[in-house]
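Visitor:
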Amino acid sequence: MRTNGTGWLAATCAALAVAASSGVAAAPGGAAPDAPARLDLAACLQRAHAAAPRLEELRAAMAEAAAAADEAAARRLPALGLGATYRYASESMESEISLAPGLPSRTLSFGDGHVADVNLALSLPLYTGGELSGTAAAAAAGSRAAALRAAAAAEDLGLAVRRAFYAALGRESQLAAAELAAARLRRHVDEVAGALAAGAASEEMRLRAVTRLREAEQRRTRAAAARDSAGVTLGRLVGLAGEIVLPAGDLAASLFEDGVVPAAVGERPDLASLQAERARQDHLAAAARGRLLPRIGGELAAHYGRPGVDQLTNDWMSYATAGVSLDWPLWDGGARSRRAAQAAARSLQAAARHRDLQEAVAAANAAARLDLAASREELDRATERAELARRIGELVGARYERADASESEYLDALDDVTAADFELSLVRTRQRLAEASLLWTLGR
Numbered sequence: 027m028r029t030n031g032t033g034w035l036a037a038t039c040a041a042l043a044v045a046a047s048s049g050v051a052a053a054p055g056g057a058a059p060d061a062p063a064r065l066d067l068a069a070c071l072q073r074a075h076a077a078a079p080r081l082e083e084l085r086a087a088m089a090e091a092a093a094a095a096d097e098a099a100a101r102r103l104p105a106l107g108l109g110a111t112y113r114y115a116s117e118s119m120e121s122e123i124s125l126a127p128g129l130p131s132r133t134l135s136f137g138d139g140h141v142a143d144v145n146l147a148l149s150l151p152l153y154t155g156g157e158l159s160g161t162a163a164a165a166a167a168g169s170r171a172a173a174l175r176a177a178a179a180a181e182d183l184g185l186a187v188r189r190a191f192y193a194a195l196g197r198e199s200q201l202a203a204a205e206l207a208a209a210r211l212r213r214h215v216d217e218v219a220g221a222l223a224a225g226a227a228s229e230e231m232r233l234r235a236v237t238r239l240r241e242a243e244q245r246r247t248r249a250a251a252a253r254d255s256a257g258v259t260l261g262r263l264v265g266l267a268g269e270i271v272l273p274a275g276d277l278a279a280s281l282f283e284d285g286v287v288p289a290a291v292g293e294r295p296d297l298a299s300l301q302a303e304r305a306r307q308d309h310l311a312a313a314a315r316g317r318l319l320p321r322i323g324g325e326l327a328a329h330y331g332r333p334g335v336d337q338l339t340n341d342w343m344s345y346a347t348a349g350v351s352l353d354w355p356l357w358d359g360g361a362r363s364r365r366a367a368q369a370a371a372r373s374l375q376a377a378a379r380h381r382d383l384q385e386a387v388a389a390a391n392a393a394a395r396l397d398l399a400a401s402r403e404e405l406d407r408a409t410e411r412a413e414l415a416r417r418i419g420e421l422v423g424a425r426y427e428r429a430d431a432s433e434s435e436y437l438d439a440l441d442d443v444t445a446a447d448f449e450l451s452l453v454r455t456r457q458r459l460a461e462a463s464l465l466w467t468l469g470r
């Protein structure tokens with residue numbers, strides 16, 4: 027007596043195709059009450075950008091850089107200040123005036139030792155040799171660089187999320203294949219056991235079937251562990267550290283709309299941030315060189331004080347002052363020129379990093395395109411192989427029913443179906459990962 031080796035094989039293969047495309051493993055008896063969270067790619071990206079500590083840090087750095095730029099710009103504007111002073115001197119200036127001979131002399135006192143002043147002063151930089159303007163331009167470039175670094179980190183996070191999402195989706199597709207393989211063998215073991223009880227099968231056939239079932243169950247356990255591990259990685263990226271987050275998506279669906287590779291963005295933020303950093307250092311070097319020139323400042327002030335400018339009257343009065351100051355360090359041991367040289371060296375470092383990153387992105391783009399082309403070609407072969415394996419399984423199953431195929435031959439055919447399904451899942455996963463890498467190199 028032989029078991030039915032064709033009808034249920036076609037049914038389980040159809041179920042495998044549905045499970046592999048949806049990325050959802052079969053859950054006997056319904057979903058568990060504490061089933062892991064399941065998110066699609068858009069939800070994963072949204073949650074990751076909202077929860078990433080690195081992006082939060084860079085947003086704070088953006089705010090700091092913007093405040094520094096505003097501060098540097100404000101230093102070029104006039105400053106208004108309110109001041110007050112009081113001093114007491116134990117001695118004051120006196121002058122004795124002698125009149126004509128025989129007449130008494132007079133003593134003139136200049137103040138009484140009490141000096142008080144309240145002033146409202148307006149100070150403004152008239153000329154700084156370009157130091158203040160260079161510093162302000164450097165701070166503005168630093169603010170732009172900080173914003174671009176945050177945008178670049180967001181793109182890097184997007185790549186990490188896409189890779190983790192499709193890695194988990196591929197693992198779940200493999201788990202679905204392992205579940206169906208174990209289900210096929212479990213049914214076959216039951217049928218062989220029934221045939222053995224009826225005297226139509228041997229104990230050796232049952233043992234061979236049980237051995238293959240245990241192998242399939244081991245494969246299913248490994249696939250489940252790999253799926254859960256990938257889910258933990260995805261969970262950390264979306265702000266659920268330590269929890270399993272399963273992907274909801276179609277492994278066979280391309281990341282490219284209509285399968286067409288999109289065009290690259292005009293400017294990658296990581297490359298643009300290095301250009302902004304180089305500009306910042308150039309401005310800092312110019313500001314340091316400007317400090318070699320004299321600084322001229324002006325001040326206008328309104329005063330109300332005692333004795334003011336009339337020490338003889340020694341009374342409260344209001345008056346105004348205006349002044350110009352010059353500050354020109356003539357020699358400082360080369361400190362200012364060395365500061366300019368340091369900024370120029372940092373500018374060269376930023377230029378070298380920009381060139382290195384540009385070459386790395388170009389290489390990653392070429393590698394991703396090669397991987398994508400190879401995976402597309404490989405997908406055609408893997409799809410054909412899976413169809414052939416299923417067809418061979420049906421033919422061997424038909425021969426097995428007629429007692430023209432051995433137990434080992436039939437079990438090998440089932441293993442070939444499982445191996446082909448696993449390989450198809452791996453190829454689709456590699457294709458999605460190549461697309462994710464290509465999207466990153468295109469700045470998307």
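Under our numbering, the letters of the sequence shown match residues 27 to 470, in that order.
C-beta: ideal position from N, C-alpha, C; glycine also.
All values derive from a computational prediction rather than experimental measurement.
Just to confirm my understanding: we take glutamate 243, look at its own chain, exclude 5 residues before and 5 after, and list those with CB closer than 6 Å. What are they?
Guide: Only Ala208 meet the Cβ criterion.
Visitor: Among Leu103, Ala110 and His140, which has the Cα closest to the Cα of serine 118?
Guide: Here the closest residue by C-alpha is His140.
Visitor: With DSSP run on the structure shown, which of helix, strand or coil describes alanine 51?
Guide: With a pLDDT of only 41 at alanine 51, under the threshold of 50, the placement of this residue in the model should not be trusted, and no figure is reported.
Visitor: Quickly, what does DSSP pair aspartate 447 with across the bridge? List them, please.
Guide: Paired residues: none, contrary to the question.
Visitor: Are glutamate 325 and leucine 152 close, meaning C-beta to C-beta below 8 Å?
Guide: Cβ distance not < 8 Å, so glutamate 325 and leucine 152 don't count as in contact.
Visitor: Could you tell me which of Gly160, Asp143 and Ala100 sits nearest to alanine 366, measuring between CA atoms?
Guide: Taking only the C-alpha atoms, the option nearest alanine 366 is Gly160.
Visitor: Run through the DSSP bridge pairs and tell me what leucine 150 is partnered with.
Guide: According to DSSP, which records beta bridges pairwise, leucine 150 is partnered with Gly324.
Visitor: What residue range does the beta strand (DSSP E) around aspartate 353 cover?
Guide: Note, aspartate 353: beta strand (DSSP E), 343-353.
Visitor: Give a yes or no on whether the C-beta atoms belonging to valine 271 and alanine 74 are separated by under 8 Å.
Guide: Not a contact, by the Cβ cut-off of 8 Å.
Visitor: Mapping the DSSP letters down to three states, classify proline 273 as helix, strand or coil.
Guide: Correct three-state label for proline 273: strand.
Visitor: Which whole-angstrom value is the C-beta distance of leucine 396 and glutamate 461, which I expect to be below 8 Å?
Guide: Leucine 396 to glutamate 461, Cβ: 13 Å. No contact.
Visitor: Suppose contacts are defined by Cβ-Cβ distances below 8 Å. Is proline 295 in contact with alanine 178 by that definition?
Guide: Their beta carbons are under 8 Å apart, which means proline 295 touches alanine 178 by this criterion.
Visitor: Check leucine 106 in the structure and name its three-state DSSP category.
Guide: Here leucine 106 sits in strand by DSSP.
Visitor: When DSSP labels each residue in this structure, what does aspartate 428 get in the three-state scheme?
Guide: A quick correction: the sequence has arginine, not aspartate, at residue 428. In the structure shown, arginine 428 sits in coil (DSSP, three-state: anything other than H, G, I, E or B).
Visitor: Quick check on DSSP: helix, strand or coil for glutamate 120?
Guide: Three-state result, glutamate 120: strand.
Visitor: Which whole-angstrom value describes the C-beta separation of leucine 281 and leucine 405, a residue pair presumed to lie in contact below a C-beta threshold of 8 Å?
Guide: At roughly 14 Å, the Cβ-Cβ gap does not stay under 8 Å, so leucine 281 and leucine 405 are not in contact.
Visitor: Measuring straight from C-alpha to C-alpha, what distance separates leucine 452 and aspartate 216?
Guide: Spanning the two alpha carbons is a distance of roughly 31 Å.
Visitor: In chain order, what are the residue ranges of uninterrupted beta strand (DSSP E) at least 3 long that sit wholly in the stretch 350-426?
Guide: Runs of the beta strand (DSSP E) inside the stretch 350-426: none found.
Visitor: Identify every residue that forms a DSSP beta bridge with alanine 63.
Guide: Answer by DSSP bridge pairing, in chain order: Val271.
Visitor: State whether the stretch 295-305 contacts the stretch 169-177, with contact taken as three or more CB pairs (one from each stretch) at a distance under 8 Å.
Guide: Short answer: they touch.
Visitor: Measuring alpha carbon to alpha carbon, tell me which residue in Glu303, His380, Leu383 and Ala312 is nearest valine 91.
Guide: Note on residue identity: the sequence assigns alanine, not valine, to residue 91. Closest by alpha carbon: Glu303.
Visitor: Is arginine 113 helix, strand or coil by DSSP?
Guide: Note: arginine 113 maps to strand in three-state DSSP.
Visitor: Straight-line CA distance for alanine 327 to tryptophan 357?
Guide: If you take the alpha carbons of alanine 327 and tryptophan 357, they lie about 32 Å apart.
Visitor: Of the choices Gly331, Ala193, Ala167 and Glu241, whose alpha-carbon is the least far from that of leucine 310?
Guide: Cα-wise, what sits closest to leucine 310 is Ala167.
Visitor: Cutting at 7 Å between CB atoms, please list the residues of its own chain near leucine 158, excluding the five before and the five after it.
Guide: So the qualifying residues of the chain are Arg101, Arg102 and Pro151.
Visitor: When you compare the CB positions of alanine 290 and glycine 469, do they come within less than 8 Å of one another, or not?
Guide: Yes, they are a contact pair.
Visitor: By Cβ distance below 8 Å, which residues in the same chain neighbour leucine 81 in space, the five residues on each side in sequence not counted?
Guide: Cβ within range, chain order: His75, Ala176, Ala179, Ala180 and Leu183.
Visitor: If you drop the 5 nearest sequence neighbours on each side, which residues of the same chain put their C-beta closer than 6 Å to that of serine 463?
Guide: Here the set comprises Ala394.
Visitor: How many whole angstroms separate the CB atoms of alanine 554 and arginine 245, which I take to be in contact at a CB cut-off of 8 Å?
Guide: There is simply no residue 554 to check, as the chain begins at 27 and stops at 470 in what is shown.
Visitor: My output table needs one value for glycine 331: the three-state DSSP class, helix, strand or coil.
Guide: Here glycine 331 sits in strand by DSSP.
Visitor: Pick helix, strand or coil for tyrosine 227, following the three-state DSSP scheme.
Guide: Per the sequence presented here, residue 227 reads as alanine, with tyrosine not at that position. DSSP places alanine 227 in coil when its eight states are reduced to three.
Visitor: If you reduce the DSSP assignment to three classes, tell me which class alanine 278 lands in.
Guide: Three-state DSSP puts alanine 278 in coil, outside helix and strand.
Visitor: When DSSP labels each residue in this structure, what does aspartate 143 get in the three-state scheme?
Guide: If DSSP states are grouped into helix, strand and coil, aspartate 143 belongs with the strands.
Visitor: Smallest Cα separation from alanine 408: which of Glu427, Ala431, Val387 and Thr455?
Guide: Ranking the options by Cα distance to alanine 408, first place goes to Thr455.
Visitor: If you draw a straight line from the alpha carbon of arginine 170 to that of leucine 65, how long is it in whole angstroms?
Guide: Each residue's Cα considered, the two are about 34 Å apart.
Visitor: Under three-state DSSP, which class holds aspartate 441?
Guide: Reduced to three states, the DSSP call for aspartate 441 is helix.
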